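Going by UniProt numbering, the sequence shown opens with residue 1, and the numbers climb by one from there. Structure first, commentary second.
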Amino acid sequence: MAAIQKLYEVCKVSLSEKGPSSPETIENVRDVLDMITPSDVGLESEAQAVRVWRRPRALNRKTVFPSSPAIRYRHIYECKSFSIGIFCIPASSIIPLHNHPGMTVISKLLYGKVHVKSYDWIDIDDSRNLSKVRPAKVVRDGEISAPCGAMVLGNIHAMKAITPCAILDILSPPYSSEDGRHCSYFRRLPKSDPSGILLDRTRESEFVWLEEYQPSDNFVIRRDLYTGPTLNF
């Protein structure tokens, strides 16, 4: 059985329309995702080019990587319970801080190096209007290099490609505007605590305040063709 087919099969039995049923089911998916390599999803030539990226006479990068700076998404599969797809990100490109409301995100860096900033919302009880800003706890802030294991990212995260990279994402359940799961973008406020609500409750270094905003028109994600093995549904 092809590795990507095995990943689909474990997702089918482990994930539901409400997401993973338990931490154990998440680990089941992670165990299989850990085994996925670029060659399993049609990305071996791109991965090989990144391996020699810093050499002066590297593989002809212009023929391997698209000349467009746009981030590309290779859709593999989607149902009401989960989606599987690959983000191919050019060097220095950024996926801005965005959320996954009511969703679990399990990711695997297939090749390259990426800086990940990841947060989870902090629940607070307060009568004041916080619709414009919300506090979030820092979950991850650092570089990740392939090969590496799969990871469960915080509900809000951003990525900057240090080299060209590819990230295989599993979302459970997937985005759905009908069910209130639509993608919103955020930016960090310069002040650590504009309301004073969290003073004496959380150390300043562990949280930030985020506000929703609209990214610039320069941020583009284009659909790309998935070239790996075909799934049998």
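All residues carry an ideal CB built from backbone N, CA and C; glycine is no exception. No experiment lies behind these values; they were computed from the predicted model shown.
Item to check | Cross-strand partners of G142 (DSSP beta bridge) | outcome: V116
Checklist entry - Terminal residues of the continuous alpha helix (DSSP H) containing S45? => result 44-51
Item to check | Extent of the continuous alpha helix (DSSP H) run through T25 | outcome: 23-33
Item to check | Between the CA atoms of A158 and P90 - distance to the nearest angstrom | outcome: 15 angstroms
Item to check | Where D40 falls: helix, strand or coil (DSSP) | outcome: helix
Item to check | Cα-Cα separation, T230 to S92 | outcome: 31 angstroms
Next on the checklist: With a threshold of 7 angstroms on Cβ separation, who are the neighbours of F219 within its own chain once the five nearest residues in sequence on each side are excluded?
Outcome noted: P96
Item to check | Other residues of its chain near Y213: CB distance less than 8 angstroms, five sequence neighbours each side excluded | outcome: Y185, F186, R187
Item to check | Spatial distance of H98 from I122 (CA atoms) | outcome: 16 angstroms
Next on the checklist: Going by C-alpha to C-alpha distance, which of L171, L189, L110, L33 sits closest to G154?
Outcome noted: L171
Checklist entry - Roughly how many whole angstroms lie between the Cα atoms of S83 and A166? => result 16 angstroms
Checklist entry - Between the C-alpha atoms of R134 and V29, what's the straight-line distance to the nearest angstrom? => result 31 angstroms
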